[in-house]
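*Asks:* Numbering (the numbering used here), first residue to last: 255 to 681.
Dropping the structure in here first, questions after.
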């Protein structure tokens, strides 16, 4: 991406799985250069340069980068597709520049820092990891996929000072007892983002990395990585009724509101859809003008993005994410939020990586809930008994299943679709 930026080119980012779904859509953008690792489902069109070995490229970088105007598209990144066919999100150079400069300053990154990269390029967290690090003049250390379970050892041996990852990775490290006290003593900054941050993960991290500030960052791809942030302090800033951290307040250059279906602002303490405005909004979706218009409406004369996340703002102005609106399901006629079940499941099971699905389903209605816990074993009866004290009967899972390896999406989030497929296959 750095090479493309130096040449004044926009980057279209997709992993190979996404490329299989999106080959026509990606190629419709007429890329001039296609870079891949040797095997790809994309067939470059006539005139496109195909690069399969980065090591063969000339190492000379232009002294002056090619000009890229503020409205130009810096990159197009495709959403994970967990809620449907992935969409190409177009981020302008102006939005990208603002985010990178702002977040590097806000986190007080230093040229002497050594930061961790844990994400695939197709996950926009990688944009933060790379460019915020380089904006500060710091070094980036890429965690090999084969070393994920030894991430603590990798961080210690590399002398890392900045940790960037989804909470699930930290949760897995806690689960395998890798987060020993002061095992990450060199860290001074920890950035968690991409999914809800459990309190149990934070507590374990505070013991493992006692010298690190911890930040819980929130943001959709459509708002250029992260747009809200919560600095972790004691007592932990928890979401009411859930054992997860608040997502905080808007970062500089961003605005947030909670609105109803008609776009009217909700009273503090009342849940609704979280909408975002400001300097980081995407230009829209590649080749999808109607979808762009519906997801980026004008409210009170200003352009906003409807995140699809259920949220509330408390009396102090702090925002709390309650989960995806499309993860609200109907079970026996009742509306159920799967993230709410997961929040309680983490507490009673002691596991950080959990997932619940509505199953089985027929005619758009589910007749039950099945929950999964990232562990080698689980006392399902004991967990369900504990949940009975926290949840109404219609929200109780009929089964709790232990999975030593929880299926994750390319962005590191629990893949509910894969969990449903496991149940379907075993039915």
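The beta carbon of each residue, even a glycine, is placed where N, CA and C say it ideally should be.
Bear in mind the structure is a predicted one, so any value in this text is a computation, not a measurement.
Quick check on residue 354: does DSSP put it in helix, strand or coil?
*Replies:* Residue state, collapsed to three classes: helix.
*Asks:* Counting along the chain, where does the alpha helix (DSSP H) carrying residue 670 start and finish?
*Replies:* Segment 670 to 680, the alpha helix (DSSP H) holding residue 670.
*Asks:* Would you call the CB atoms of residue 386 and residue 350 closer than 8 Å?
*Replies:* Their beta carbons are not under 8 Å apart, which means residue 386 does not touch residue 350 by this criterion.
*Asks:* Would you kindly check if the distance between the Cβ of residue 628 and the Cβ of residue 605 is under 8 Å?
*Replies:* Yes, the Cβ-Cβ distance between residue 605 and residue 628 is below 8 Å.
*Asks:* What ranges does the beta strand (DSSP E) occupy inside the segment 611 to 639, keeping only unbroken runs of at least 3 residues that lie completely in it?
*Replies:* The segment 611 to 639 contains these whole beta strand (DSSP E) runs: 623 to 628.
*Asks:* Whole angstroms is fine: what's the gap from residue 580's alpha carbon to residue 472's?
*Replies:* Distance between the alpha carbons of residue 580 and residue 472 is about 18 Å.
*Asks:* Looking at residue 443: is its Cβ nearer than 8 Å to the Cβ of residue 566?
*Replies:* Against a cut-off of 8 Å, the Cβ pair of residue 566 and residue 443 comes out as no contact.
*Asks:* Between residue 408 and residue 400, how many whole angstroms is the CB-CB distance? I'm expecting something under 8 Å.
*Replies:* Rounded, the Cβ-Cβ distance is 11 Å, inconsistent with contact.
*Asks:* Roughly how many whole angstroms lie between the Cα atoms of residue 375 and residue 677?
*Replies:* If I take the Cα positions, the gap works out to 30 Å.
*Asks:* By the 10 Å Cβ neighbour count, where 16 or more other Cβ atoms means buried, how is residue 679 classified, buried or exposed?
*Replies:* With fewer than 16 other Cβ atoms within 10 Å, it is exposed.
*Asks:* Do you know whose CA, among 331, 415, 641 and 559, lies nearest residue 548's CA?
*Replies:* Residue 559 is the option with its Cα nearest to residue 548.
*Asks:* For residue 658, count neighbouring C-beta atoms within 10 Å of its own C-beta (all shown protein chains included) and say buried if the count is 16 or more, exposed if not.
*Replies:* Its Cβ having fewer than 16 others within 10 Å, residue 658 is exposed.
*Asks:* Please report the straight-line C-alpha distance between residue 515 and residue 524, rounded to a whole angstrom.
*Replies:* Looking at the two C-alpha atoms, the distance is approximately 13 Å.
*Asks:* Starting from residue 407, follow the alpha helix (DSSP H) in both directions and report where the run begins and ends.
*Replies:* 405 to 412 is the span of the alpha helix (DSSP H), which, as asked, contains residue 407.
*Asks:* Below 8 Å on the Cβ atoms is my guess for residue 415 versus residue 433; work out the distance and round it to an integer in Å.
*Replies:* Contact doesn't hold; Cβ gap of about 17 Å is too wide.
*Asks:* When you compare only the Cα positions, how much space is there between residue 652 and residue 554?
*Replies:* Straight-line Cα distance between these residues: approximately 46 Å.
*Asks:* Please list, in chain order, all residues of the same chain as residue 391 whose beta carbon is under 6 Å from its beta carbon, the five residues on each side excluded.
*Replies:* So the qualifying residues of the chain are 365.
*Asks:* Run through DSSP, which three-state label would residue 349 get?
*Replies:* Helix, per DSSP.
*Asks:* From residue 379 to residue 358, what distance separates their C-alpha atoms?
*Replies:* Looking at the two C-alpha atoms, the distance is approximately 14 Å.
*Asks:* So residue 536 packs on residue 343, CB below 8 Å; how close in whole Å?
*Replies:* With a Cβ gap of about 5 Å, residue 536 and residue 343 count as contacting.
*Asks:* With a 10 Å radius around its C-beta and 16 neighbouring C-beta atoms as the bar for buried, classify residue 452 as buried or exposed.
*Replies:* Its Cβ being crowded by 16 or more others within 10 Å, residue 452 is buried.
*Asks:* Distance check for residue 462 and residue 439, CA to CA, integer angstroms please.
*Replies:* So the two alpha carbons sit approximately 7 Å from each other.
*Asks:* Closest to residue 542 by C-alpha separation, out of 321, 326, 325 and 340, would be which residue?
*Replies:* Nearest of 321, 326, 325 and 340 to residue 542, Cα basis: 340.
*Asks:* Which residue from 324, 646, 371 and 437 puts its Cα closest to that of residue 347?
*Replies:* The candidate whose alpha carbon is nearest that of residue 347 is 324.
*Asks:* Going by C-alpha to C-alpha distance, which of 665, 587 and 494 sits closest to residue 597?
*Replies:* Considering only alpha carbons, the answer is 494.
*Asks:* Between residue 526 and the rest of its own chain, which residues show a CB-CB distance below 6 Å, the 5 nearest in sequence each way excluded?
*Replies:* So the qualifying residues of the chain are 512, 513, 514 and 520.
*Asks:* Taking the beta strand (DSSP E) that residue 666 belongs to, which residues open and close that run?
*Replies:* Here residue 666 belongs to no beta strand (DSSP E), and DSSP marks it neither H nor E.
*Asks:* How close, in whole Å, do the beta carbons of residue 623 and residue 595 come, if the pair is a contact with beta carbons under 8 Å?
*Replies:* Rounded, the Cβ-Cβ distance is 6 Å, consistent with contact.
*Asks:* Please report how far the alpha carbon of residue 423 lies from the alpha carbon of residue 666, in whole angstroms.
*Replies:* Taking the straight line joining both Cα atoms gives about 8 Å.
*Asks:* Give me whichever residues DSSP pairs with residue 393 in a beta bridge.
*Replies:* Beta-bridge pairing links residue 393 to 368.
*Asks:* Please state if the CB of residue 585 and the CB of residue 648 are separated by a distance shorter than 8 Å.
*Replies:* Yes, these two residues count as a Cβ contact at 8 Å.
*Asks:* Helix, strand or coil: how does DSSP classify residue 454 here?
*Replies:* Residue 454: helix per DSSP, three-state reduction.
*Asks:* Could you tell me how far apart the beta carbons of residue 583 and residue 590 are, in whole angstroms, since I believe they sit closer than 8 Å?
*Replies:* Right, the Cβ-Cβ distance comes to about 5 Å (below 8 Å), so this counts as a contact.
*Asks:* Using a Cβ-Cβ cutoff of less than 7 Å, which residues in the same chain neighbour residue 662 once the five nearest sequence positions on both sides are dropped?
*Replies:* 422, 668 and 669, listed in sequence order.
*Asks:* On a CA-only basis, which of 675, 599 and 531 is nearest residue 476? Give me that one, please.
*Replies:* Answer by Cα proximity: 531.
*Asks:* Looking only at its chain, what residues have a beta carbon closer than 6 Å to the beta carbon of residue 509, apart from the 5 residues adjacent to it on each side?
*Replies:* Cβ within range, chain order: 531 and 532.
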